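Numbering (full-length UniProt numbering), first residue to last: 1 to 315.
To start, the structure under review is shown below, and the notes come after it.
Below is the structure:
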């Protein structure tokens, strides 16, 4: 087949799938589907139909912190042991509380939960994973300080079958279940931030005060808001400062560093877990608290904590 014919064939397939005659059937479910689910299908151009499922539940991601640095600095055999130990223990932790592993990409593991008791199962799984990372993996992997980040969100996700039907040894690489929707994206972005230290700069004002009695200057940097609060209200073009020694200023930036908790979750997850477990120690003792974190495409509150299972003390 020539390249032109190949491109024309692709164009025809895309046109067929996006036509008004092509039907997409969405089936609501309370259970995490598998790849073999008969109600999730590939695009069928003959019948002009595709089946998908939609699940409203919790989704959790976990991955290793500093994996790029680990990969660059470790010998291949050591690297294989580290990743094998991490994935093995995270899969076991997910299964312990009834989670369903639905994706493994490098060191990132995706876990989805059936709708019933999903808040409790998701948070308990996160705490178990954090405990395993801190008190088993970090103890047994001695070449560096092992840590991981965990993110959880809740909401509706569309599950569709993506790829192409192939035969032979490579067929597994041509197909996957795709989880579409904000919960999967938000949980993944929370995972990116969890257990990390962010270094960034914020806009600021560098203010100079002059003290004539000692003939000396004092300079300090402060955020825009603080500088504005120190100005007096005026209807003229003259700048009036509350400090009589204020003399000069110019724009600058302030370096800021902030460390995030190993477990991060959206408000929906926290509220759901709190409602289902009002007497849990993590709720009564405030082990999960509101975090001041900016998450792309998410405007709600974020809660986080560094909570572990007390059972690890008996290992």
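Ideal Cβ positions, reconstructed from N, Cα and C, are used throughout, including at glycine.
Remember, it's a predicted structure, so these values are computed and weren't measured experimentally.
Residue i, buried or exposed, once every other Cβ within 10 Å from all chains shown has been counted against 16
i: residue 156; result: exposed
i: residue 186; result: buried
i: residue 47; result: exposed
i: residue 193; result: buried
i: residue 295; result: buried
i: residue 304; result: buried
i: residue 260; result: buried
i: residue 14; result: exposed
i: residue 24; result: exposed
i: residue 195; result: buried
i: residue 190; result: buried
i: residue 231; result: exposed
i: residue 257; result: exposed
i: residue 266; result: buried
i: residue 50; result: buried
i: residue 102; result: buried
i: residue 183; result: buried
i: residue 1; result: exposed
i: residue 3; result: exposed
i: residue 278; result: exposed
i: residue 262; result: buried
i: residue 234; result: exposed
i: residue 288; result: buried
i: residue 297; result: exposed
i: residue 61; result: buried
i: residue 16; result: exposed
i: residue 124; result: buried
i: residue 286; result: exposed
i: residue 45; result: exposed
i: residue 211; result: exposed
i: residue 239; result: exposed
Own chain, CB closer than 7 Å to residue i, minus 5 neighbours either side, in chain order
i: residue 321; result: As displayed, the chain neither begins before 1 nor continues past 315, which places residue 321 out of reach and without an answer.
i: residue 132; result: 89, 93
i: residue 309; result: 127, 128, 131
Close-in-space but distant-in-sequence residues of the same chain around residue i (CB under 6 Å, 5 per side omitted)
i: residue 255; result: 201
i: residue 32; result: 100, 112, 114
i: residue 276; result: 119, 120
i: residue 218; result: 209
i: residue 27; result: 39, 53
i: residue 135; result: 312
i: residue 227; result: 205
i: residue 42; result: 161
i: residue 250; result: 206
i: residue 282; result: 288, 307
Which residues DSSP lists as bridging residue i, in chain order
i: residue 244; result: DSSP, once it has assigned bridges, lists no residue as partnering residue 244.
i: residue 161; result: 177
i: residue 156; result: 56
i: residue 112; result: 59, 100
i: residue 44; result: 49
i: residue 275; result: Paired residue(s): none; residue 275 is not in a bridge.
i: residue 305; result: 263
i: residue 151; result: 61, 264
i: residue 123; result: Paired residue(s): none; residue 123 is not in a bridge.
i: residue 167; result: For residue 167, which the question treats as bridged, DSSP gives no partner whatsoever.
i: residue 105; result: 108
i: residue 289; result: 304
i: residue 295; result: 298
Same chain, Cβ closer than 8 Å to residue i, five either side skipped, listed in chain order
i: residue 300; result: 266, 267, 268
i: residue 241; result: 230, 231, 232
i: residue 158; result: 26, 52, 53, 54, 179, 180, 181
i: residue 290; result: 301, 302, 303
Tell me, please, whether the region 46-61 touches the region 134-142 by the rule of three or more beta-carbon pairs shorter than 8 Å. no
*Any 3 or more C-beta pairs closer than 8 Å across the region 228-248 and the region 106-121*: no
Hey, which unbroken runs of the beta strand (DSSP E) at 3 residues or more fall wholly within the region 5-37?
23-29
Measuring CB atoms only, is the region 217-225 touching the region 176-184, in the sense that at least three cross pairs come out at less than 8 Å?
no
request  = Any chance you could list the beta strand (DSSP E) runs of at least 3 consecutive residues sitting entirely within the region 195-269, in chain order?
outcome  = When DSSP assignments are scanned along the region 195-269, the uninterrupted stretches of beta strand (DSSP E) that are 3 or more residues long and fall wholly within it turn out to be 197-211, 216-223, 246-259, 263-266.
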